[in-house]
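Residue numbers (this note's numbering), protein chains in the order written: chain V, 18 to 384; chain X, 264 to 864. Reading through the C-alpha cells given below for one structure.
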C-alpha cells in the first residue's frame, strides 16, 4: 500500500505539472482566450462559436508573414488576433471540414484557383468592397474576381527558371519554357508537383491557358520524355538544384530570391513567353464569427501600414519577396522589376479544370 | 467471472450496466468520430452547409476506378509484407542477440530497440533522407557522387528502412518466446542424441513460430498503416502508398473527404485482418507462453559472453536508430545545410533560437509537454479501468468493447483526426453548446483516442498475468472491488502502468496528424512547429526542435525507468536483480499492440 501511495504521488505530481504547464502555454500565447487553463475555457469557446459573437479575429493562413501581420493588426486596431498557420492543403481541408460551422474569419494562401473553388462552394463572403480598394494598382485590380469574393495582397511569379552558376554558364541558360525541351537539359530539369505545391498548379494551368490545352499537355509530356523530374515542394526542388542533381529548376520566384539572398549561387530567368502571376489571396468566411474584424483585416493588408509589415523579409521570410500591387509600396530591392512579361492566369477557368488537370498531371507526368 | 455464462436476464442487464461507462468513453472518443467520417462514404453531403442524407455510391466508384489508388493499395500491401519479412529476420536476430548478451550490453540493446519503437516514423524517415540524399551526410563523409543513393530511394530501399523501423515489434514478440524457450527441451533433445540443426528445426523453431508470426503480422500492420515513411520518403520516390493517398485526399487541394473515408475503410479492414491473425497466432502458441518469467531470468543471466549474434544485433539496432537520429542531430548543428560538414559550419545557434524564452519554439515544447503529460495520465487511468473490466467481467457487452478496442488499433491517426473535425463541429452540437472543435479539449481527446487502444492492450497483457484466484480469494474474504484493485491489481501491474504512461507521453509529443488538423488557432504544439520549420526550409531549426523534444522524451523515459525500478524493488523485493526488471518491462511491452497472452475469450 505504501508503494502504491508513493507511485500515485509521483503521478499526481506529474499530472499537476502538466496542468500548470498547459495553463501557461495557453495563457501566454493566446491572449484571446480567457486566460484560464485549457480545461476551463471549453464551454466559453463553444458558446462563443455558436452565438456568432466572437471576441477575436481568427486567421487561417499559409503565408510566411501571417503571424507578424496578425501581431501588427492587433497593435494597430486593438482587436485580438489568432493565426492558425499551416500549409495550403491542411488549411483548405480545415476550411472545408468546417463548412457547416466555420471557426475562422479570414483565410489566406497563395493561389486564387483554390480560393475560387472555396468561392464556388459558397463558403466565402461576396460582393463586399474594402474601403481602400482604390489603393490597388492596375495589376492588383486585374487580379480581383468580379464577385469580390477574395482579394490579392501581393503578387509573385508562379514559376521562374533558375540555374546554378556553378553548373551552367550563363550563355547556356534557358530563356523560354521551350528551351527546357532541348537535349542539353535531358534529365536536368525539375519542377514541383502541382497536387502538392501551391504555386505549381498555376504554372500548369497557366501553360494550358497560354498554349491551349492540347499544346500545353504536349509540353509537359515532352518535358517528361526529356527526363523532367517532379519534386514535392519549392524546398526540395531547390535542394536538387543546389546539390547539382538538376541544372534548371522551375519554381515560385520568391523562394528563388530568398535562396539567392541567403547565398545560393543561382541566377533567375523570367521566361520571355510570359510569367504567370501568383497572387496571395484572402477570403472572408461567409458566416464569419467576427465579420467586422475580418473586413478590417483585409483593409489593413491593403493599407500602406500593413504592406510595410508584410514586405519586410524579417517578418515573412521568402514570402516577403513579392511584387507589391498597392500604390506607393516599393518591392524589396532583391526583386527584379523590369523585363518581366506578366501573364494573368484566369482563376475561374483554372478552378474549373483543377481536378481534371491535376489528375491528368498526376497519372501521366508525376508517376 | 461466471456472469456471462448465466442466462439470467437481470445479470445480463447488469453486465451492460457495468460496461456502460467503457462503452460511453469509446463512443465519445472513437466510435462517434469514426462514424462521422465513414458515414460520408454513403452520405457524401451529410456535413454540408445544408445537410443532405441523399445516399450516393459515387465516392466508392470514384475511389476504385482510380488507377493511382489501386497502385497505392497494391504497393502498400507488398511493401508492407516485404518490410515485415525484413523486420522478422532482423528482429529475430536482435532477440537472440539480446537474450544471449552480457548484462550491460543487454541494457544497451534494450534501450536501442525501445527508442526505435518510440521514435516517430517521420523523424526516422526524415533522418534517413538527410543521411542518404545527394549531398547528404553519407555523401559528404565518403565523398560520394550524386546519384549514388538512387537504389535507396526506390521500393527495395523503402522495404529495408521500414524493416529496420519495425524490427522492435518482432523483437519484442520474439523476446518473450526466446526468453521463455528454456533449456530443458534443448537438453532433453540433446540427451536423446539430436544434433544442433535437428534441435533447432524440431524444437526451437516450432516453439518460436507463434511469437514470430505474431510479430510479423503486427510489423505488417504497422508498415501497411504507416504514415511517417509515406509522408517523408514517398513524395521523393514517387511510390504511391495507401496512407499517402488518404493524406492527399485530406491535405491536398481539392479536398475529398468521401474518398479519404473509402480509402480509410480499406486500410482499416486490411489492418484489422492482420491484427486478428496476429492474435490468432498468439493464442495458438499457448504452450510457449505458459512458462513463467522466473525461468527467463535464470536463463538470461546464465550467459555472459559476447557472441556473433549479439554483435550482429548491436550493429542492426544501432543502424536502425543511430543513423537517422544522428543525422537529425548533426543537421541541427549546421549553419547552412549545403555547407555541410565543414569545420566552420557548426553552431548551436539553432538551439539558442529554438529555446529563446517566450519564443514560439519554447511555447510549443511546453504546450506539447502539457498535452502529453495530462493525456498520458488520463489514458493510463481509463486504460486500466477498461482493461480490468475486460479481463474480469466477461459479459457480451465487454466482448463488444474488446472488439472495438482491438479494431481501433487499426485506425490511422489521420483518419481518426479527420473524424474528430466532423464529429465535434457538427451542427447538432450547437444548441447544446458542445462544439468542442477548435479547443484544446478536442485535441486532447484526439490524443487520448489515438493511444487508448494500445494502452488497453498493454494493460490487458499485464492483468492477464495475474492469477484470478487472487481476486477470488480476496473477494471471498469480503474485499470490495476497489480494495481488490488497490491491494492486488495496482501493485502487481504498476510497472506496466508506468510503461503505458510513457508510451502515451512519447507518442503525443510528436503526434502530427491530429495535431495539424485539430490544434486550437494560435496555439501550435511541438510537431506543428517542427513541421512549419521544415516547411519554410529551416531544416536546421526544425531538427533542433526535434532534438529538444527527443531530449524531453528521453528524460521522462529515464524517469519512468527509474520509477519502475523503484516500484519493482519495493514490490518484488531486493533479491531480484535488474535483469528481472528489464525482462519484465519487455514482457509488458511486448503486448503493445500484441495480443496479451491468454486474454483469449
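Even for Gly, the Cβ is constructed at its ideal location relative to N, Cα and C. Predicted model, so just to flag it, every value in this text is computed and none were measured.
Opening and closing residue of the beta strand (DSSP E) in which residue i lies
i	result
residue 397 of chain X	That residue, residue 397 of chain X, is in no beta strand (DSSP E); it is neither H nor E in DSSP.
residue 609 of chain X	No beta strand (DSSP E) holds residue 609 of chain X; DSSP gives it neither H nor E.
residue 284 of chain V	283-286
residue 209 of chain V	206-209
residue 178 of chain V	177-181
residue 300 of chain V	292-301
residue 246 of chain V	246-248
residue 101 of chain V	98-102
residue 161 of chain V	No beta strand (DSSP E) holds residue 161 of chain V; DSSP gives it neither H nor E.
Residues near residue i by beta carbon distance below 7 Å, same chain, minus five either side
i	result
residue 570 of chain X	363
residue 92 of chain V	none
residue 345 of chain X	422
Backbone CA spacing between residue i and residue j [nearest angstrom]
i	j	result
residue 379 of chain X	residue 477 of chain X	19 Å
residue 623 of chain X	residue 439 of chain X	44 Å
residue 375 of chain V	residue 431 of chain X	39 Å
residue 77 of chain V	residue 441 of chain X	53 Å
residue 284 of chain X	residue 588 of chain X	42 Å
residue 604 of chain X	residue 291 of chain V	41 Å
residue 659 of chain X	residue 209 of chain V	54 Å
residue 219 of chain V	residue 80 of chain V	17 Å
residue 151 of chain V	residue 340 of chain V	18 Å
residue 463 of chain X	residue 450 of chain X	12 Å
residue 161 of chain V	residue 118 of chain V	26 Å
residue 580 of chain X	residue 350 of chain X	11 Å
residue 772 of chain X	residue 817 of chain X	11 Å
residue 550 of chain X	residue 360 of chain X	Because residue 550 of chain X sits at a pLDDT of 43, beneath the cut-off of 50, its placement in the model cannot be relied upon, and the point is left open.
residue 321 of chain V	residue 333 of chain V	16 Å
Beta-carbon neighbours of residue i, restricted to chain V and to distances below 7 Å
i	result
residue 517 of chain X	134, 371 and 372
residue 513 of chain X	110
Cut-off 6 Å between Cβ atoms - residues of its own chain near residue i, not counting five sequence neighbours on either side
i	result
residue 372 of chain V	none
residue 584 of chain X	375, 378 and 379
residue 283 of chain V	179, 181 and 277
residue 557 of chain X	Interpretation of residue 557 of chain X is limited by its pLDDT of 42, a score under 50 that renders its predicted location unreliable; no figure is taken from the coordinates.
residue 770 of chain X	714
residue 355 of chain X	437
For residue i, the first and last residue of its enclosing alpha helix (DSSP H)
i	result
residue 735 of chain X	731-739
residue 354 of chain X	330-362
residue 170 of chain V	Here residue 170 of chain V belongs to no alpha helix (DSSP H); instead the beta strand (DSSP E) covers 167-174.
residue 77 of chain V	Segment 74-78 is the beta strand (DSSP E) holding residue 77 of chain V; no alpha helix (DSSP H) there.
residue 222 of chain V	217-228
residue 726 of chain X	703-726
8 Å Cβ shell around residue i - same chain, five flanking residues per side excluded
i	result
residue 684 of chain X	700, 780 and 781
residue 116 of chain V	138 and 140
Beta-carbon neighbours of residue i, restricted to chain X and to distances below 8 Å
i	result
residue 115 of chain V	684, 688 and 700
residue 337 of chain V	Simply none; closest approach about 12 Å.
residue 388 of chain V	For chain V, the structure presents residues 18 to 384; residue 388 of chain V sits outside this window and is missing.
Where residue i meets chain V, residues with beta-carbon distance less than 9 Å
i	result
residue 751 of chain X	Neighbours of residue 751 of chain X on chain V: none; closest Cβ ~11 Å, over 9 Å.
residue 778 of chain X	Those within 9 Å of residue 778 of chain X in chain V number zero; the least Cβ separation is about 10 Å.
residue 520 of chain X	110, 113 and 114
Residue i: contacting residues in chain X (beta-carbon distance under 7 Å)
i	result
residue 99 of chain V	784 and 785
residue 102 of chain V	795
residue 260 of chain V	397, 398 and 409
Under 8 Å by beta carbon: chain V residues contacting residue i
i	result
residue 310 of chain X	114, 116 and 117
residue 330 of chain X	380
residue 501 of chain X	247, 383 and 384
residue 288 of chain X	Residues of chain V passing the Cβ test: none, with the nearest at roughly 17 Å.
Is it true that the region 534-542 of chain X meets the region 314-334 of chain X, where meeting means three or more beta-carbon pairs spaced less than 8 Å apart? no
Do three or more CB pairs link the region 637-647 of chain X to the region 709-720 of chain X at distances below 8 Å? yes
Say whether the region 685-692 of chain X touches the region 752-765 of chain X, bearing in mind that this needs 3 or more beta-carbon pairs closer than 8 Å, one atom from each stretch. no
Any chance the region 252-261 of chain V sits against the region 146-165 of chain V, with 3 or more Cβ pairs inside 8 Å? Taking 8 Å as the limit for Cβ pairs, the verdict is that the region 146-165 of chain V does not touch the region 252-261 of chain V.
Decide if the region 786-806 of chain X is in contact with the region 719-735 of chain X; the criterion is three or more beta carbon pairs, one per stretch, under 8 Å apart. no
Given 8 Å as the limit, is there contact between the region 301-319 of chain V and the region 129-142 of chain V, that is, 3 or more CB pairs closer than that? yes
Please determine if the region 400-411 of chain X and the region 333-343 of chain X are in contact, where contact requires at least 3 C-beta pairs separated by less than 8 Å. no
The region 477-495 of chain X contacting the region 292-307 of chain X, beta-carbon criterion three pairs below 8 Å: no
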